[in-house]
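Per our numbering, the sequence shown runs over residues 15 to 423.
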Amino acid sequence: MLSLDWTEITTNSSFQKLEKESLMLSSLSFSRPRTIGSHVFNVFNVLHVPTASPRSVRPLLTSSSSSNPSLIYRPFPSDFSSSLLSLSPRLAIAVSPLGRATLLTRHFSSTPLPTMSYAKAQSEYSIRRIGQPNTLEYRVFVEKNGFPISPFHDIPLYANEQQTVLNMVVEIPRWTNAKQETSKEEFLNPIKQDVKKGKLRFVRNCFPHKGYLWNYGCFPRTWEDPNVVHPETKAKGDNDPLDVCEIGELVGYTGQVKQVKVLGVMALLDEEETDWKVIVIDINDPLAPKLNDIEDVERHLPGLLRASNEWFRIYKIPDGKPENQFAFSGECKNKKYAMEVVRECADAWEKLMTGKSPRGDISLANATIEHSPDRVDDAHLKIPPNQNLPPAPIDGSVDKWFFISGAAV
């Protein structure tokens, strides 16, 4: 039997009201049904609250006896009082005075719903496809609230005030081969397919791998400065935004803006340039609460880091190039080190935007940065409308497997 300090509450607060709050939600897991009288309740346990100081786990119940369920909760301590807002038969939120919230879902999906503040951030961004995929003319522009922006310069690096959640832009979805990248030189930096000797680039499939192993992309507002030699890698930056490998279970799409947390970083030495590869996970992934540093990746995803190292080491061999090398003997550095790399590249981007570093051929055109001489107002953002054309056919050789001597299987 439940003790008498359980309290039943039914409210009808609007979702719009909550959207005005800067709420952070946590993921929950279904625990077990409980019967109280003639009512059957579903019990949920808080798994993770994305704050610096974890909250204690407290059971929360939703009634399954009606289409508009009541909500039952055990009150928080007096210094952390809460109210429960029943938003729909599928959703309820416990809100604290600090602007934190707990998300409940009666659907037993393994994928937690995104936090409200992050879900809102995701909904602000969309994409505009120009031209036909698999052609030289194809471009993917990122939009915010319907207006084109630069994924390089206009999207904030950090998605929360604590700077523990970062925005990343997906360029290449997992399992795909087309080498898409943010165009540094073009107006508003659309994503396009890389070209070499007039031909579109596709990465080769080095057995047993197929395409990219992760959702591959970059951090906005970062830059690996080609004028600076890193003191530990002994190589200069590669003149690109900081590369990101997102290891969650869902396949992304080109131009998608994901909210992620950093786990570690590899230092690839690509043609005598430092080419950092930051390992991250989507904060909405089911494994995200368990992955907080690089050692957690090996614990919960054994073999992934080794496979990632091998992929970067051998992926250019089918094109006649030598193996890539790594700094630190291929070691994947931890979260603390990775965040230092992120901050260094963010500082380098600021120097680029303020003229303290030479821009070279990089387009600094942006739509949101105040006082930037390269800012463009909406009236001059003349981008063709969305086209959504079907992909052009590609040569079947893109699916060929290449067997590399010495590659681990």
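Just so you know, even glycine gets a beta-carbon here, dropped at the ideal spot from N, CA and C.
The shortest C-alpha to C-alpha distance from V183 to any of E175, W189, T196, Q176 is the one to T196. For the set R313, P332, Q339, N219, the Cα lying nearest the Cα of N323 is the one of Q339.
Secondary structure of Y226 (DSSP, three-state): coil.
Counting along the chain, no beta strand (DSSP E) covers R320; the unbroken alpha helix (DSSP H) around it starts and ends at 318-328.
For A173, there is no enclosing alpha helix (DSSP H), as DSSP marks it with neither H nor E.
In the structure shown, D307 falls within a coil segment according to DSSP collapsed to helix, strand and coil. Between R215 and D208, the CB-CB gap stays under 9 Å. DSSP places D392 within a helical segment (H, G or I) once states are collapsed to three. As far as DSSP is concerned, W363 takes part in no beta bridge. By the C-beta criterion, the stretch 167-183 is judged not to be in contact with the stretch 404-412, since fewer than 3 inter-stretch pairs fall below 8 Å. Contact between T288 and K335 fails: their C-beta atoms lie close to 18 Å from each other, not under 8 Å. CA-CA distance, Y351 to P404, rounds to 42 Å. Within the same chain, D239, S371 come within 8 Å of K365 by CB-CB distance, once the 5 residues on both sides are set aside. The alpha-carbon separation between D254 and K158 amounts to approximately 23 Å.
Distance from the CA of N148 to the CA of Q401, rounded to the nearest whole angstrom, comes to 14 Å. The alpha-carbon separation between T382 and D388 amounts to approximately 10 Å. Counted as a single uninterrupted DSSP element, the beta strand (DSSP E) harbouring N181 occupies residues 180-186. Annotation for L305: L277, I295, V311, H314 place their beta carbon closer than 7 Å to its own, counting only its chain and skipping 5 residues before and after. Secondary structure of K370 (DSSP, three-state): coil. Cβ atoms of V292 and R188 stay farther apart than 8 Å, at about 16 Å.
Between L256 and F221, the alpha-carbon positions lie close to 27 Å from each other.
Straight through space, the alpha carbons of Q194 and G145 are spaced by roughly 14 Å. S343 sits in a helix when the DSSP states are folded into three classes.
The three-state secondary structure of D413, taken from DSSP, is helix.
Take the alpha-carbon of E260 and the one of P162: they are about 24 Å apart. The continuous stretches of beta strand (DSSP E) do not include K211, and DSSP gives it neither H nor E. With fewer than 16 other beta carbons inside 10 angstroms of its own, H385 counts as exposed. Here DSSP, grouped into helix, strand and coil, assigns K206 to strand.
I376 and K198 have their C-alpha atoms roughly 5 Å apart. Measuring C-alpha to C-alpha distances from L319 to each of I297, P245, C346 identifies C346 as the nearest.
For W415, the CB contacts under 6 Å within the same chain, skipping 5 residues up- and downstream, are N219, F221 in chain order. With distances taken between CA atoms, T247 lies nearest to L282 out of L282, K213, Y267. Each residue's CA atom was taken as its position, placing E263 and R327 some 23 Å apart.
Burial state of Q177 is exposed, judged by a 10 Å Cβ sphere holding fewer than 16 other Cβ atoms. Collapsing the DSSP output to three states places E287 in a strand.
Going by C-alpha positions, K213 is about 12 Å away from A192.
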